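Engineer: Residue numbering for the sequence shown follows full-length UniProt numbering, beginning at 1 and increasing consecutively.
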Amino acid sequence: MLSTRSEAISRTLTSNFDTTTFNCTSKRTVNTQGSILGNKTICSVFISKSVSPVVGICFVLADIGVVLSTEINDSLTLTRTVNKIQIYNPNEILVESLSNKLVNIIQSNIDCKITRINKKFFNNDLELIKKSSINPERDIELKDYYFGLCATTGAINHMKEKYPNFNKFRIKYEPCEATMFIDKKTIRSLELVENLVDQGHGISLFKFLNSTVTKMGERVLRNNILQPLTDAESIKLRLESVKELISNTSTLAALRELMKNFQDTDKLFNLLVSVKTSTNNDQKINTVILLKQAVEISIKISKLLETTSSSLLFEIKNICKHGDILKIQDLINEYINEDCSWALTTLDLRNQKCYAVKSGRNGLLDVSRQLYHNIIDDIIAMVDSLSEEFELDLDYKFDSTRGFYMRIKYFQGDLNELPEVFINKISKKGKFIECTTLNLIKSNSRLNSTLQEIILMSDQIIEGLLNEVGNYISTMFMLSEAIAILDLLCCFAYNADNSSNYVCPEIVDEEMKMVVKQSRHPILEKNLVTNKFISNDIILLYDTSRLQILTGANMSGKSVYLKQIALLSIMAQIGSLVPADYALLPIFENLHARICNDNFEVNTSTFSAEMGEISYILKEINSKSLLIIDELGRGSSLSDGFSISLAITESLIPVGCSCFMSTHFTDIPKILATSPGVVHLHFKSELDYNQNELIMYHKLISTNNFEVNTSIAEGYGILMVQKILPSIIIQDAKIISKNLKKRKNNDEERFREKLVVLKKQRSMLDLVQVLKISKAKNQLDLSTLKLIQEQFIENFKKLNEDNYAEGFSSSQVVEEVEEVVEEEDIYNDENDELEKY
1 MLSTRSEAIS RTLTSNFDTT TFNCTSKRTV NTQGSILGNK TICSVFISKS
51 VSPVVGICFV LADIGVVLST EINDSLTLTR TVNKIQIYNP NEILVESLSN
101 KLVNIIQSNI DCKITRINKK FFNNDLELIK KSSINPERDI ELKDYYFGLC
151 ATTGAINHMK EKYPNFNKFR IKYEPCEATM FIDKKTIRSL ELVENLVDQG
201 HGISLFKFLN STVTKMGERV LRNNILQPLT DAESIKLRLE SVKELISNTS
251 TLAALRELMK NFQDTDKLFN LLVSVKTSTN NDQKINTVIL LKQAVEISIK
301 ISKLLETTSS SLLFEIKNIC KHGDILKIQD LINEYINEDC SWALTTLDLR
351 NQKCYAVKSG RNGLLDVSRQ LYHNIIDDII AMVDSLSEEF ELDLDYKFDS
401 TRGFYMRIKY FQGDLNELPE VFINKISKKG KFIECTTLNL IKSNSRLNST
451 LQEIILMSDQ IIEGLLNEVG NYISTMFMLS EAIAILDLLC CFAYNADNSS
501 NYVCPEIVDE EMKMVVKQSR HPILEKNLVT NKFISNDIIL LYDTSRLQIL
551 TGANMSGKSV YLKQIALLSI MAQIGSLVPA DYALLPIFEN LHARICNDNF
601 EVNTSTFSAE MGEISYILKE INSKSLLIID ELGRGSSLSD GFSISLAITE
651 SLIPVGCSCF MSTHFTDIPK ILATSPGVVH LHFKSELDYN QNELIMYHKL
701 ISTNNFEVNT SIAEGYGILM VQKILPSIII QDAKIISKNL KKRKNNDEER
751 FREKLVVLKK QRSMLDLVQV LKISKAKNQL DLSTLKLIQE QFIENFKKLN
801 EDNYAEGFSS SQVVEEVEEV VEEEDIYNDE NDELEKY
């Protein structure tokens, strides 16, 4: 049985594939069996009939010959199923012919062709999977997932019926529990893969992080951002490798330079499992040349990784120099000339086809090549002879349509003045003349005939080579996955090495704890012209600060801070370093973000859209969730918005999720000040009356220090607009503001008296938590208890400092505590705990 670490390495090297295609920078591209469907992605869905449905989903990625299967335990609304389908964005969805409810849900959420197929296609035929897989021993895991297996057989049966040229696939099971769940609206609002303003050119997290140099790495990066890892060991393996690459920048640069020469090996290796009829002669030669190049580069990569110590890089090195890879290299060298390489010019391509196969493999092939060579020599001699005979500056040229033709330079006369031997004369902008002769046309005909014979015989030899290489196809796909992961690791290392002050996060899996010192928004800090991004700490402890309420003026930094938390969590869980001085992060199993973006497309109001999203989120969250809420209740009236926001916030406390939320309702954190796990944070700002402007510090301050003024400067709104609006309106606004302030002060005086007691209770709760932690760590010695006591007394004095004399004693504090306990017997459990200590 594999060890936990070995299993993590195996999971890490199993790439997550993505259907999004990218433009290739190379002048020549590789066609695959997927060209039958273009870049089409087909999805198959099979659902149970139970109250809590189990859904099997299968994706056929035609362009890279991959079949991905998964199984999801979903709700009746099929939220997770719809989200999974949206991530892969299929062109066609296959469903059972009688699944009306499933069809209705898909149609209401996804704009896609839906095809109903016979139920008999959806079966648990494991033999069909084995026959259709290039690596059947790895696909045996599907047998334990009935609905995933049925969805997969449905897709394969449909593919074989509609597209008979398809032969075998890479069939992979993708466990949904191994990745973080991020819903579609969160993906959009956090701009993970697309910018909301400019989808084509705007920056997103994917574009920001994308320093990959291969198409495979690019696909894996995108899919990792959408589905980050949740396995702690796999994340740690990646971070370990990234740190090692950063420590050896010369190796990092050399690896990236080598990988730039990799074609899309997912598509390239997919050619080797396609049927013969789908690949023409030219393509087979090109495939062998690209395969030769890929094998040579992988062996060079293994040599660069020879001294690596991290487990993941060590495993990648072993794959790159796997015995099967060396056998493939020997086979290619046995059949193909060693100096045969990727060609770009038309004539080089033609010569490549002729001389790719080594001499001695076929006697007739060698004779035909010699004849081909002689014909070319005759053509060159013919051109030289005509040039000498007619005293013309003649040269020969070649293109794939005309073959060889002649070009006359510096000819100033009329075309008709040329000797009659030259025909098909064309003047090119007066600079030169292109023409041919009858003898040259005949020579081209002989040359083409000979070339076809050479290609036909070469094709037979190359087909035999490809058949032999096909025996090692599973190793080649393993190589492709290894290179994709290596490119991803190098991408993270390159990003960190070219950025200032990135740190390797510590991953904690046992408890929900987040401590990030001097954290920064990864994208915004790069875009700031002044390069002076103001960093902030992120501190979340489950018992004392799992629900954090942020307040502050508009543009003080609340939204940036909230998005920053989500992005740093994603970066850490895909194995990237993060912008901070220190980072300790938990593993979140799902991420939900409610960011203020009105939905004009479906004509819903801000409040309606917000409540719809909040309702969905409340059903999905648990203690392993990260929840981001920006400006809760902003779309409703003041009283309704406050009431609903307070009710929602209170409902989040017992759930135990890690929640960061911002609000303009400053009374909410006051009311919940003593609730367990709730913390109030504030973004500092000050009003400069001389300059008539609000100074934003963009700095987060904790309100545990009760001397901190968290209120926004009074009257700053009126002051800001007094130069814009008429003076009579400004005067009326000041009078109204004064009356409202007087009424508010009366209410606040009564509230302040109650708040003193609440703050004292919160102080006692904090003391209980400190004592619990100290006891758990066996640190309850006399000196520690004395220090805790002194700090508690000091904090307790500050709550009502005016009432205490300079020499206020610890016994008086105890008496005060007892009075508070008797006066407000709310937290009985906590009070009992305190009495124990």
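Note that beta-carbon positions come from the ideal geometry of N, C-alpha and C, so glycine has one too.
Since the model is a prediction, treat every value here as computed from it, not as a measurement.
Residues in the same chain with beta-carbon distance under 6 Å from I671, minus the five sequence neighbours each way, listed in chain order, please.
Structural biologist: For I671, where only same-chain residues beyond five positions count, there are no Cβ hits under 6 Å.
Engineer: I'd like to check one pair, L313 with T305: are the Cβ atoms closer than 9 Å?
Structural biologist: It should be noted that the sequence gives Leu, not Thr, for residue 305. In contact: L305 and L313 (Cβ atoms closer than 9 Å).
Engineer: Quick one: residues in its chain with C-beta nearer than 7 Å to the C-beta of S675, no 5 flanking neighbours on either side, listed in chain order?
Structural biologist: So the list reads I653, once near-sequence residues are dropped.
Engineer: Is residue 844 helix, strand or coil by DSSP?
Structural biologist: Outside the displayed span of the chain (1 to 837) sits residue 844, for which this structure offers no information.
Engineer: Tell me where the alpha helix (DSSP H) around G641 begins and ends.
Structural biologist: G641 -> alpha helix (DSSP H) spans L638 to L652.
Engineer: Consult DSSP for H201 and reduce its assignment to one of helix, strand or coil.
Structural biologist: H201 falls in the coil class under three-state DSSP.
Engineer: Taking buried to mean at least 16 other C-beta atoms within 10 Å of its own C-beta, is G575 buried or exposed?
Structural biologist: G575 comes out buried.
Engineer: State the DSSP-derived secondary structure class of V213, mapped to helix, strand or coil.
Structural biologist: It is coil, neither helix nor strand.
Engineer: Go through its chain and collect everything with a Cβ distance to S387's Cβ below 6 Å, but skip five positions before and after it.
Structural biologist: Same-chain partners within the cutoff: L394.
Engineer: Sorted by chain position, which residues of the same chain lie with C-beta nearer than 7 Å to S359's C-beta, five sequence neighbours on each side aside?
Structural biologist: Contacts found: D366.
Engineer: Can you tell me whether DSSP reads E790 as helix, strand or coil?
Structural biologist: Of the three classes helix, strand and coil, the one that applies to E790 here is helix, per DSSP.
Engineer: State the Cα-Cα distance for the pair R28 and L567, rounded to the nearest angstrom.
Structural biologist: Note that R28 scores a pLDDT of 36, beneath 50, so its modelled location is shaky and nothing firm can be said.
Engineer: Could you pull out every unbroken alpha helix (DSSP H) segment of at least 4 residues lying fully inside the segment 350-424, listed in chain order?
Structural biologist: Listed in chain order, the complete alpha helix (DSSP H) runs (minimum 4 residues) inside the segment 350-424 are 363-390.
Engineer: As an exercise, report each continuous alpha helix (DSSP H) stretch of at least 4 residues that is fully enclosed by the segment 80-130, in chain order.
Structural biologist: Counting whole runs of 4 or more residues, the segment 80-130 contains the alpha helix (DSSP H) stretches 100-109.
Engineer: Near K431, what residues of its chain come up, given a Cβ to Cβ distance below 7 Å and the 5 sequence neighbours on each side ignored?
Structural biologist: Taken in chain order, the list of residues that qualify is empty.
Engineer: Within its chain, find whatever has a CB closer than 8 Å to the CB of G807; leave out the 5 residues flanking it on each side and keep chain order.
Structural biologist: Below a pLDDT of 50, predicted positions are generally treated as unreliable, and G807, at 45, falls in that range; no measurement from the model is reported.
Engineer: With DSSP collapsed to three states, give me the class of Y616.
Structural biologist: Reduced to three states, the DSSP call for Y616 is helix.
Engineer: DSSP has G552 in a bridge; who is on the other side?
Structural biologist: Answer by DSSP bridge pairing, in chain order: F683.
Engineer: From I129 to V54, what distance separates their C-alpha atoms?
Structural biologist: Distance between the alpha carbons of I129 and V54 is about 21 Å.
Engineer: Please say whether L626 and S569 have beta carbons closer to each other than 9 Å?
Structural biologist: Yes, Cβ-Cβ distance for S569 and L626 is below 9 Å.
Engineer: Measuring alpha carbon to alpha carbon, tell me which residue in S341, E191 and P586 is nearest F208.
Structural biologist: Among S341, E191 and P586, the Cα nearest to that of F208 belongs to E191.
Engineer: What does the Cβ neighbour count give for S651, buried or exposed, with the cut at 16 atoms within 10 Å?
Structural biologist: Classification of S651: exposed, given that the 10 Å Cβ count is below 16.
Engineer: Hey, could you find the ends of the beta strand (DSSP E) M514 is sitting in?
Structural biologist: K513 to S519 is the span of the beta strand (DSSP E), which, as asked, contains M514.
Engineer: Name the DSSP beta bridge partners of G56, please?
Structural biologist: Per DSSP, F46 and E71.
Engineer: What's the C-alpha gap between M476 and H698?
Structural biologist: One C-alpha to the other measures close to 51 Å.
Engineer: Taking buried to mean at least 16 other C-beta atoms within 10 Å of its own C-beta, is H158 buried or exposed?
Structural biologist: Buried: at least 16 other Cβ atoms inside 10 Å.
Engineer: Express the C-alpha separation of I297 and L258 in angstroms, rounding to a whole number.
Structural biologist: One C-alpha to the other measures close to 7 Å.
Engineer: DSSP state of L61, grouped into three classes?
Structural biologist: Strand, per DSSP.
Engineer: With a threshold of 7 Å on Cβ separation, who are the neighbours of A482 within its own chain once the five nearest residues in sequence on each side are excluded?
Structural biologist: If we look at A482 and ignore the five residues flanking it on each side, its Cβ neighbours are L13, I316, I319 and C320.
Engineer: What is the residue span of the alpha helix (DSSP H) that D266 lies within?
Structural biologist: Its alpha helix (DSSP H) spans residues T265 to N270.
Engineer: Kindly indicate which three-state DSSP category C657 falls into: helix, strand or coil?
Structural biologist: Three-state DSSP puts C657 in coil, outside helix and strand.
Engineer: For the alpha helix (DSSP H) holding T544, just list the boundary residues, first then last.
Structural biologist: Segment Y542 to S545, the alpha helix (DSSP H) holding T544.
Engineer: Please classify K699: does DSSP put it in a helix, a strand, or coil?
Structural biologist: If DSSP states are grouped into helix, strand and coil, K699 belongs with the strands.
Engineer: Within 8 Å, do at least three Cβ pairs link the segment 70-83 to the segment 43-61?
Structural biologist: Contact holds: three or more Cβ-Cβ distances are below 8 Å.
Engineer: Does DSSP put D537 in a helix, in a strand, or in coil?
Structural biologist: DSSP places D537 in strand when its eight states are reduced to three.
Engineer: For I379, which residues from the same chain have a beta carbon less than 7 Å from its beta carbon, with the 5 sequence-adjacent residues on both sides left out?
Structural biologist: The answer, listed in chain order, is Y396, F404, L440 and S443.
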